[in-house]
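Peer 1: Sharing a structure below in structure tokens format, with a few things to ask.
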Amino acid sequence: MKTQKTLVTRTKLSLTLAFLTVAFASVLSGCTEKSTKTTTNTTTTTKTESSPAKAALVVGFSQIGAESAWRSAETQSIQDEAKKRGITLKFSDAQQKQENQIKAIRAFIAQKVNAIILAPVVETGWEPVLREAKAAQIPVVLVDRGIKTSDETLYSTLIASDFVEEGRMAGQWLIKKMGGTANVVELQGTAGAAPAIDRKAGFQEAIAKSPGMKIIKSQSGEFTRSKGKEVMEAFLKSEGNKIQAVYAHNDDMALGAIQAIEEAGFKPGKDIVVISVDGVKPAFESMVAGKLNSTVECNPLLGPSAFDAIDSLVAGKTLPKKTLVKDQVFDQSNAKEVIASRAY
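Under the numbering used here, residues 363 to 706 are what the sequence shown spells out, in order.
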């Protein structure tokens with residue numbers, strides 16, 4: 363009898379355990395189904411947990427300043443491209459001072475950025491800080507301006523226009539416009555800056571082929587409109603009616619010179635021919651208005667090229683030391699046709 367009771371008890375216990383097992387499996391099945399549905403709705407999160415996404419790049423950008431519309435367009439291009447690619451950009455405005463750029467680069471090195479973009483204010487004096495970047499294995503991409511160094515391994519690549527060629531194109535256009543004879547005043551860029559040095563050299567090379575073309579005054583206008591106006595006022599006071607043409611190393615100085623010419627009672631574009639370099643939209647507006655005669659384009663939209671270079675460097679690829687941006691000449695004859703399409 364006792365054995366029979368024990369058997370009944372064991373049978374009841376087995377049935378109870380079987381019931382609990384089925385119930386637990388049912389609950390577990392329900393949880394799994396819910397979890398599967400949740401995973402379907404949050405695929406990105408799930409993938410991130412199982413396969414961590416590549417960390418976003420952090421790039422330092424040392425910009426010269428905001429001295430011109432061209433410079434602002436370049437800055438915007440790099441900022442926009444960084445945002446588009448999901449890159450964290452650490453930006454520093456040097457206010458046209460090399461010491462500020464050097465401090466910024468050292469800060470970027472301390473922050474262990476993946477790469478540095480540098481628009482150098484002048485050509486020389488970069489070797490010590492670039493050696494520090496190299497020692498930290500941080501690649502440096504130069505944009506818009508080159509540097510002079512005895513060790514070209516200190517930077518990875520330069521993305522820029524051919525400033526010498528821009529000067530040549532300006533000189534060739536002016537020779538044709540003036541019939542090979544003119545007294546020219548020159549508004550140079552920042553002393554020691556690559557575009558100032560090269561645009562002057564290219565222009566002089568071009569006009570040397572026409573003995574009637576003479577530079578009667580030349581001075582730095584610091585690439586700014588206000589300084590360009592100030593220097594042009596001084597030229598007009600000292601040279602007056604002798605001035606037949608102005609060659610400015612950028613549009614902003616040319617626009618400042620145009621103001622000075624008008625205030626002196628002359629008609630820019632007619633009494634005094636004005637040619638410059640950059641090709642920013644205000645220059646096109648001035649050409650359409652008949653005041654600026656011509657501008658040689660220098661494309662500032664370098665963001666895509668700069669970050670393409672960084673992607674290649676991070677991937678371990680070797681880049682050419684220099685990538686040239688193609689430029690062209692615009693004048694009053696075609697300014698109206700293209701002004702609406704200008705992106706800067």
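Backbone N, C-alpha and C fix where the C-beta goes; we use that ideal spot for every residue, glycine too. Here the structure is a predicted model, which is why all the values come from computation and not from measurement.
How many angstroms separate the CA atom of P573 from the CA atom of N545?
Peer 2: If I take the Cα positions, the gap works out to 11 Å.
Peer 1: Look up P630 in the DSSP assignment and say whether it is helix, strand or coil.
Peer 2: Three-state result, P630: strand.
Peer 1: Where does F470 fall in DSSP's three states?
Peer 2: Looking at F470 - three-state DSSP - the assignment turns out to be helix.
Peer 1: Taking the alpha-carbon positions, what's the D524 to G427 distance?
Peer 2: Their backbone Cα atoms lie some 21 Å apart in a straight line.
Peer 1: Out of curiosity, what's the CA-to-CA distance linking W488 and R704?
Peer 2: When rounded, the distance between both Cα atoms is 34 Å.
Peer 1: Cβ atoms of L654 and A626: under 8 Å apart, would you say?
Peer 2: Not in contact: A626 and L654 (Cβ atoms no closer than 8 Å).
Peer 1: Suppose contacts are defined by Cβ-Cβ distances below 8 Å. Is A555 in contact with V484 by that definition?
Peer 2: Yes, Cβ-Cβ distance for A555 and V484 is below 8 Å.
Peer 1: In the DSSP assignment, find the beta strand (DSSP E) that holds D689 and state where it starts and stops.
Peer 2: Neither: D689 is in no beta strand (DSSP E) and is coded neither H nor E.
Peer 1: To the nearest angstrom, how far is the alpha carbon of M594 from that of D442?
Peer 2: Roughly 35 Å between the two C-alpha positions.
Peer 1: So if DSSP puts K698 in a beta bridge, which residue, or which two residues, is it bridged to?
Peer 2: DSSP output for K698 lists no bridge partner at all.
Peer 1: In the structure shown, what three-state DSSP assignment does A622 receive?
Peer 2: Helix, per DSSP.
Peer 1: One question on the structure: do L504 and L480 come within less than 8 Å of each other, judged by their Cβ atoms?
Peer 2: Yes, Cβ-Cβ distance for L504 and L480 is below 8 Å.
Peer 1: By a C-beta neighbour count over all protein chains shown, 10 Å radius and 16 as the cutoff for buried, is V700 buried or exposed?
Peer 2: The residue in question, V700, is exposed, as its Cβ has fewer than 16 Cβ neighbours within 10 Å.
Peer 1: On the three-state DSSP scale, how would you describe Q463?
Peer 2: Helix at Q463.
Peer 1: For D513, name the three-state secondary structure that DSSP assigns.
Peer 2: In this structure, D513 counts as coil in the three-state DSSP scheme.
Peer 1: Could you check which residue in I478, G542, K474 and P557 has the C-alpha nearest to that of Q463?
Peer 2: It is I478.
Peer 1: Identify, in the order they occur along the chain, each residue of the same chain with its Cβ nearer than 7 Å to the Cβ of K576, setting aside the five sequence neighbours on each side.
Peer 2: If we look at K576 and ignore the five residues flanking it on each side, its Cβ neighbours are N545 and V546.
Peer 1: Secondary structure at K683, three-state DSSP: helix, strand or coil?
Peer 2: Note: K683 maps to coil in three-state DSSP.
Peer 1: Identify the continuous alpha helix (DSSP H) that holds V650 and give its terminal residues.
Peer 2: Here the alpha helix (DSSP H) through V650 covers K643 to V650.
Peer 1: Along the chain, where does the beta strand (DSSP E) that runs through V547 open and close?
Peer 2: Run containing V547: A544 to Q550, per the beta strand (DSSP E) assignment.
Peer 1: Got a sec? Which residues, its chain only, sit under 6 Å from T368 by beta carbon, not counting five neighbours each side?
Peer 2: Per-residue confidence for T368 stands at a pLDDT of 37, beneath the threshold of 50, marking its modelled position as unreliable; the derived number appears in the next sentence. Answer for T368: no residue qualifies.
Peer 1: Beta strand (DSSP E) containing D560: first to last residue?
Peer 2: Here D560 belongs to no beta strand (DSSP E); instead the alpha helix (DSSP H) covers A556 to I569.
Peer 1: Please check the pair A456 and S430, which I expect to be a contact at CB under 8 Å, by giving their CB distance rounded to whole angstroms.
Peer 2: Contact flag wrong, Cβ pair sits at about 14 Å.
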